[in-house]
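Notes for the one structure printed next.
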Amino acid sequence: MRILRAAASVGLAVALLALPISACAKTADAFALLRSAIDAPNHVSFVGQMQSVQFGTSKSVASVFRVEHRAPDLTRHWYLAPQALYGDSIISRGDTAFNIDVKHDRVIVVQDDAIDDQVTLDDNIGLLTANYHAIMGPDGSVAGRPASIVILINNYTGQTGLRVWIDKQTKLVLQKETYATNGSISQQSRFEDIRYVTNLPSAIFVVPKTGYAVVRGADHGLPSNDLAAVVKTAGFQAHGPKYLPDGFLPVTGDVTDIKGVRTLHLLYSDGIRTLSLFQNATGSAVDMSRFKASSTHVRNHEAKFVEDGPTKLLAWQESDLHFALVGELSENELVKIAASVVP
Amino acid sequence: MQHLSTTDLIDYINNQLRPEDDALVHAHLDDCAPCRDGYSTEIALTEMLRNQAKVEERELPPMLKAEIWAKIRAEQPTAIQRLRAFLRPAYALPVAAVVLLLAFFGPGYLRPQSPPAPSIDAAYYLQDHAAMNSTVPFGDHSGADPGALEETALNTDESAVNGVFYTANANP
Chain A
7 MRILRAAASV GLAVALLALP ISACAKTADA FALLRSAIDA PNHVSFVGQM QSVQFGTSKS
67 VASVFRVEHR APDLTRHWYL APQALYGDSI ISRGDTAFNI DVKHDRVIVV QDDAIDDQVT
127 LDDNIGLLTA NYHAIMGPDG SVAGRPASIV ILINNYTGQT GLRVWIDKQT KLVLQKETYA
187 TNGSISQQSR FEDIRYVTNL PSAIFVVPKT GYAVVRGADH GLPSNDLAAV VKTAGFQAHG
247 PKYLPDGFLP VTGDVTDIKG VRTLHLLYSD GIRTLSLFQN ATGSAVDMSR FKASSTHVRN
307 HEAKFVEDGP TKLLAWQESD LHFALVGELS ENELVKIAAS VVP
Chain B
5 MQHLSTTDLI DYINNQLRPE DDALVHAHLD DCAPCRDGYS TEIALTEMLR NQAKVEEREL
65 PPMLKAEIWA KIRAEQPTAI QRLRAFLRPA YALPVAAVVL LLAFFGPGYL RPQSPPAPSI
125 DAAYYLQDHA AMNSTVPFGD HSGADPGALE ETALNTDESA VNGVFYTANA NP
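Going line by line, the protein sequences match chains A and B.
The opening residue of the first sequence carries number 7 in my numbering; numbering runs sequentially from there.
The opening residue of the second sequence carries number 5 in my numbering; numbering runs sequentially from there.
In structure tokens:
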């Protein structure tokens with residue numbers, strides 16, 4: 007009997023020791039799967055139809071679009087809904103997007119060098135693995151494809167930050183749900199159908215020129231993660247928040263001229279959620295006339311707040327500096343962060 | 005309805021009838037061939053008179069014209085006439101409004117001021133935030149924000165266009 011009890015104790019101890027090792031292994035597996043998923047579009051070509059919904063506090067915006075993707079970096083989104091966008095499409099060729107506005111016969115060309123910013127992407131993956139732990143959910147199915155489900159849980163709040171459905175065979179993300187800080191879903195996108203192809207004709211990704219006016223959109227230069235250097239080029243005494251939600255760190259930034267206004271943009275991230283702080287010293291306020299803005303306060307300064315789907319914007323002025331804080335956090339959190347920016 | 009008189013026809017041709025009479029004459033002309041003939045005759049006669057008047061039009065002798073203009077220019081208004089013209093409501097009211105505004109805003113208004121700084125569309129900040137999200141794994145760069153796209157689709161202002169379209173890549 008004593009031998010049996012001893013054997014049972016040893017067995018229990020071994021099992022208890024093995025549990026964390028097994029959990030760690032599963033987390034490592036989940037992160038490995040996530041890395042494969044991030045890389046999948048670089049070598050998988052497909053055609054499909056996607057649905058995307060962005061949930062705001064009181065209203066949501068949805069879109070349905072066809073996607074044709076030829077690995078590694080040719081993509082066309084062709085909008086089926088909402089009605090106002092029907093027929094419009096976006097052709098992405100590497101870091102350049104051509105937004106084809108058929109109703110106004112124009113092509114808007116937008117360059118976003120950040121798409122190629124592998125350094126910042128790696129930094130963000132580092133933040134993601136530091137701030138979240140990944141667990142494997144039960145197997146699922148999306149658009150008839152067997153999928154592994156990975157759930158990312160915030161280490162500080164214990165809340166789910168992201169849930170992704172990854173194609174078991176190709177590792178492509180078939181469905182994704184992003185969660186707000188209060189636990190509600192802030193964004194959901196999923197394939198309604200998908201078909202993998204070996205190749206796609208180049209003609210699909212040709213940007214129409216005849217009959218279209220080409221308009222240069224707002225370009226986005228390559229941001230830098232040397233934030234000290236970025237802040238120096240701003241040409242004014244810049245300020246950052248003293249408070250950030252747990253896990254958030256400054257990751258990248260740039261200085262751009264908008265209508266001749268030198269504007270500093272700093273991006274903070276916890277690996278999933280992001281926060282942008284814009285500031286200028288030339289007295290250029292934020293024009294919110296195209297949005298339904300509400301009034302609030304940052305400390306004792308008047309501030310304006312707008313929502314655009316899950317993204318919120320808070321703008322205020324203090325000591326000749328104009329600030330705008332943009333992110334997917336709650337209004338209270340944005341105000342708290344804004345209040346910690348003390349010029 | 006009796007046949008139309010010549011006076012009725014002339015008034016009808018020159019749009020001088022009351023609307024209800026005009027409608028009655030119009031309807032009668034549709035049904036009555038003799039009156040239609042009378043109408044055609046009146047039209048032809050009017051046209052003929054007009055052409056004849058044009059032919060008979062005489063230019064004033066150039067010297068007479070010049071004398072008339074010289075007299076008009078020579079007749080300068082007196083100071084009282086000018087003041088009376090200035091005090092007409094069309095001039096006096098705006099002038100009074102400007103004086104009141106200047107008095108209200110004070111002398112500071114007259115000081116030279118630097119041009120106001122341009123405001124920056126909130127859409128630009130939202131777009132730039134979204135663009136930099138390309139560096140976040142699983143960030144929302146699967147496509148354009150439909151709300152913003154819709155706004156762009158409805159907005160023909162190029163400066164607004166610059167602030168809303170988002171970039172896209174393949175990762176959902």
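We put the CB at the ideal spot given by N, CA and C, even for glycine.
Along chain A, which residues have their Cβ under 8 angstroms away from the Cβ of residue i?
i: P122/B; result: K265, G266, V267, S290
Quick check on residue i: buried or exposed, where buried means 16 or more other Cβ atoms within 10 Å of its Cβ?
i: I103/A; result: It should be pointed out that residue 103/A corresponds to Ala in this sequence rather than to Ile. By the neighbour-count rule (16 or more Cβ atoms within 10 Å), A103/A is buried.
i: G150/A; result: exposed
i: G333/A; result: buried
i: N338/A; result: exposed
i: A309/A; result: buried
i: G266/A; result: exposed
i: Y85/A; result: buried
i: A174/B; result: At A174/B the pLDDT is 40, less than 50, meaning the model places this residue with poor confidence and gives no usable figure here.
i: P38/B; result: exposed
i: I114/A; result: buried
i: Y249/A; result: exposed
i: G132/A; result: exposed
i: G151/B; result: Model confidence at G151/B stands at a pLDDT of 44, short of 50, so the residue's coordinates are unreliable and nothing is read from them.
i: R22/B; result: exposed
i: Q243/A; result: exposed
i: T239/A; result: exposed
i: S146/B; result: With a pLDDT of 44 at S146/B, under the threshold of 50, the predicted position of this residue should be treated as unreliable, and no value is reported.
i: V212/A; result: exposed
i: E74/A; result: buried
i: W171/A; result: buried
i: V103/B; result: exposed
i: P251/A; result: buried
Applying a beta-carbon distance threshold of less than 8 angstroms, which residues of chain B neighbour residue i?
i: L168/A; result: F142
i: P229/A; result: M136, T139
i: D199/A; result: None at all; the shortest Cβ gap to chain B is about 13 angstroms.
Closer than 9 angstroms by beta-carbon distance: list the chain B residues that pair up with residue i, in chain order.
i: H271/A; result: Y129, D132, H133, M136
i: L233/A; result: What L233/A touches in chain B: nothing, since even the nearest Cβ is about 13 angstroms away.
i: A130/A; result: Before going on, a small fix: residue 130/A reads as Asn here, not Ala. Result: T139, V140, P141, G143.
i: L319/A; result: A126, Y129, L130, H133
i: V312/A; result: A126, L130
Based on Cα-Cα distance, which residue from the options lies nearest to residue i?
i: D125/B; options: K342/A, E334/A, L320/A; result: L320/A
i: D101/A; options: A330/A, Q124/A, T163/A, N188/A; result: Q124/A
i: P47/A; options: Q57/A, K65/A, S64/A, P78/A; result: P78/A
i: K215/A; options: R112/A, K65/A, R72/A, V347/A; result: R112/A
i: S69/A; options: A153/A, E198/A, A345/A, F52/A; result: E198/A
i: S123/B; options: L272/A, N306/A, I264/A, L273/A; result: I264/A
i: Q117/A; options: G217/A, N137/A, I96/A, D128/A; result: I96/A
i: F142/B; options: P152/A, P144/A, L134/A, D94/A; result: L134/A
i: G217/A; options: R196/A, V108/A, L168/A, L272/A; result: V108/A
i: T258/A; options: T280/A, N231/A, H49/A; result: N231/A
i: A135/B; options: G54/A, S147/A, L272/A, R201/A; result: L272/A
i: F284/A; options: T139/B, Y128/B, V140/B; result: Y128/B
i: Q6/B; options: A78/B, V29/B, Q85/B; result: V29/B
i: I278/A; options: E74/A, K65/A, T166/A; result: T166/A
i: H307/A; options: G315/A, I106/A, A344/A; result: A344/A
i: T191/A; options: F61/A, Q55/A, F52/A; result: For clarity, residue 191/A is Ile in the given sequence; the question names Thr instead. Closest by alpha carbon: F61/A.
i: S300/A; options: P144/A, E313/A, I172/A; result: E313/A
i: A90/A; options: Y162/A, D260/A, V67/A, N205/A; result: V67/A
i: L281/A; options: P247/A, L80/A, S290/A; result: P247/A
i: N4/A; options: D45/A, P144/A, L80/A, I44/A; result: The requested residue 4/A is not part of the displayed model; chain A covers only 7 to 349.
i: E51/B; options: A100/B, I14/B, P98/B, H133/B; result: I14/B
i: H245/A; options: A153/A, V50/A, V59/A, E324/A; result: E324/A
i: R76/A; options: N105/A, A235/A, V221/A, Y202/A; result: Y202/A
i: P256/A; options: T262/A, G241/A, R268/A, P229/A; result: P229/A
For chain E, is any of its Cβ atoms less than 9 angstroms away from the one on residue i?
i: G143/A; result: Chain labels in this structure do not include chain E; the protein chains are A and B.
Determine the extent of the beta strand (DSSP E) in which residue i is found, giving its start and end residues.
i: V353/A; result: Any question about residue 353/A goes unanswered here, given that chain A covers just 7 to 349.
i: P23/B; result: Not the beta strand (DSSP E): P23/B falls in the alpha helix (DSSP H), residues 23-35.
i: G132/A; result: Not the beta strand (DSSP E): G132/A falls in the alpha helix (DSSP H), residues 124-137.
i: L80/A; result: 80-87
i: V53/A; result: 51-61
Under 8 angstroms: does the beta carbon of residue i sit that close to some heavy atom of the ligand HEM?
i: R77/B; result: Within the structure as shown, the ligand HEM is missing, as the structure has no ligands at all.
Under DSSP, the alpha helix (DSSP H) around residue i begins and ends at which residues?
i: E339/A; result: 337-345
i: H110/A; result: Premise fails: H110/A is in no alpha helix (DSSP H) and is neither H nor E.
i: Y128/B; result: 126-136
i: D94/A; result: That residue, D94/A, is in no alpha helix (DSSP H); it is neither H nor E in DSSP.
i: L8/B; result: No alpha helix (DSSP H) holds L8/B; DSSP gives it neither H nor E.
Give me the chain B residues within the contact set of residue i, using Cβ-Cβ distance strictly less than 7 angstroms, ordered along the chain.
i: A330/A; result: Y129
i: L134/A; result: P141
Restricting to runs no shorter than 3 residues, where is the beta strand (DSSP E) found entirely within the region 142-192 of chain A? Listed in chain order, the complete beta strand (DSSP E) runs (minimum 3 residues) inside the region 142-192 of chain A are 146-148, 151-160, 166-173, 179-185.
Could you tell me which whole alpha helix (DSSP H) segments of length 4 or greater appear in the region 295-329 of chain A? For the region 295-329 of chain A, not a single whole alpha helix (DSSP H) run of length 4 or above is found.
Taking only runs that begin and end inside the region 198-283 of chain A, name each unbroken beta strand (DSSP E) of 3 or more residues, in chain order. Those beta strand (DSSP E) runs which fall completely within the region 198-283 of chain A and span 3+ residues are 219-222, 255-264, 267-275.
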